[in-house]
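Q:
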Ligand code: WQD
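In our numbering, the protein residues as written are 1 to 351.
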């Protein structure tokens, strides 16, 4: 099998995907400018797989430097494009930075894919493209609403750009809409390394439990849901990672009947914030304080996936339970706390 180029491979989902690709026989290279990551996760990949993955520390917004990577690697068979800024709150404050980085990098990598006739392209998208859904669970044909943030807008625009480039040429592509990726590799050798104080729920829970954060705030418990808190579809990062390998194999084996296909990646189960906290307390044995705060702007009340399409066409079935998501997340947090290298790379500011 040919070489797979993973952009953003030093990041959370990218690093877990590289492991799954290697374990399924693919060779990989990475392009990551480490603006939001470090190469520490590549060391974890090497410990787990024995493979040293080469990273090209290139800004994908620099076309010439990106182009040079393709000139040096003429055996690239597929691209998985993760590299993007993804902090919802930050994007509201800095929309131009988000549109420039996320869209220019995508356009450059697609220009190279077309120029070098790379046949397969997988785009990292998000359930955020659905906005606040009218009905749940959402299917891939559910209406996409106007994005709740510039970050979400870059995912919606990104999907349109990939679709149009695919339809205009020989490239075949798949858009993978992740719901809420959480947890860490069972080895605890790689996981999420949030920069600064985490905005996402699960790293906020584990950092509260370990004492990096004084107290967790639950953003609202007055929603019309079963317990008043927001409902999401939490999915283990290793399940997300394996879906990329299956999607690539689906394209390589020419099973796709369309030029561009979309798949939801979620468990299909809705879990509330308070239920997630209780699951964490159960597996960690750590009871911790949280306070109920005001609703967070931009939050949707409830969203979870209809994942039938990925099951039927990609033969994808998620393996990890909510308890295992919390357990692996907690074990990773404990590892960061003990390991000086990881600790210094976790780059958090104590509040
Ligand atoms: C989940 C729930 C919060 C933190 C976003 C992006 C999505 C993807 C994942 C990139 C919400 C509540 C959170 C806290 C809380 N990003 N919460 N206290 O917003 O569903 O999705 O991140 O790929 O595209 O949209 O995830 O984990 O931030 O929030 O109460 O300290 O947890 O209000 O209800 P979200 P999240």
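We treat Cβ as the ideally placed atom computed from N, Cα and C, and that holds for glycine. All values reported here derive from a predicted model rather than from experimental measurement.
DSSP three-state call for residue 192: helix, strand or coil?
A: Coil at residue 192, not helix or strand.
Q: Quick one: Cα of residue 351 to Cα of residue 69, how far?
A: Residue placement at residue 351 is flagged as unreliable, the pLDDT there being 33, under the threshold of 50; the coordinate-derived value follows with that caveat. Taking the straight line joining both Cα atoms gives about 40 angstroms.
Q: For residue 230, which of helix, strand or coil comes out of DSSP?
A: Of the three classes helix, strand and coil, the one that applies to residue 230 here is coil, per DSSP.
Q: Please report the residue range of the alpha helix (DSSP H) in which residue 278 lies.
A: Segment 273-284, the alpha helix (DSSP H) holding residue 278.
Q: What does the alpha-carbon distance come out to for the pair residue 183 and residue 335?
A: If I take the Cα positions, the gap works out to 13 angstroms.
Q: Mapping the DSSP letters down to three states, classify residue 138 as helix, strand or coil.
A: Three-state DSSP puts residue 138 in a strand.
Q: Quick one: does the C-beta of residue 36 sit closer than 7 angstroms to a heavy atom of ligand 1?
A: Incorrect: residue 36 has no Cβ contact closer than 7 angstroms to ligand 1.
Q: Residue 178: beta carbon under 7 angstroms from a heavy atom of ligand 1?
A: Answer for residue 178: yes, Cβ within range of ligand 1.
Q: Report yes if the C-beta of residue 156 is less than 7 angstroms from at least one heavy atom of ligand 1; otherwise report no.
A: Every heavy atom of ligand 1 is 7 angstroms or more from the Cβ of residue 156, so no.
Q: For residue 217, write down the residues that DSSP places opposite it in a beta bridge.
A: Beta-bridge pairing links residue 217 to 291.
Q: In or out: residue 254 buried (at least 16 other Cβ within 10 Å) or exposed?
A: With fewer than 16 other Cβ atoms within 10 Å, it is exposed.
Q: What does a CB cutoff of less than 6 angstroms around residue 80 pick up in its chain, not counting 5 residues either side in sequence?
A: The answer, listed in chain order, is 6, 122 and 244.
Q: Is the CB-CB distance between residue 110 and residue 157 below 8 angstroms?
A: Contact: no.
Q: Could you pull out every residue in the same chain whose Cβ sits closer than 8 angstroms to the Cβ of residue 296, ignoring the five residues on either side in sequence?
A: The residues are 219 and 220.
Q: Can you tell me whether residue 314 is helix, strand or coil according to DSSP?
A: DSSP places residue 314 in helix when its eight states are reduced to three.
Q: With respect to 7 angstroms, is the separation between the Cβ of residue 86 and the closest non-hydrogen atom of ligand 1 below this value?
A: Flag set: Cβ of residue 86 near ligand 1.
Q: How far does the alpha helix (DSSP H) with residue 205 in it reach, from first residue to last?
A: Residues 201-210.
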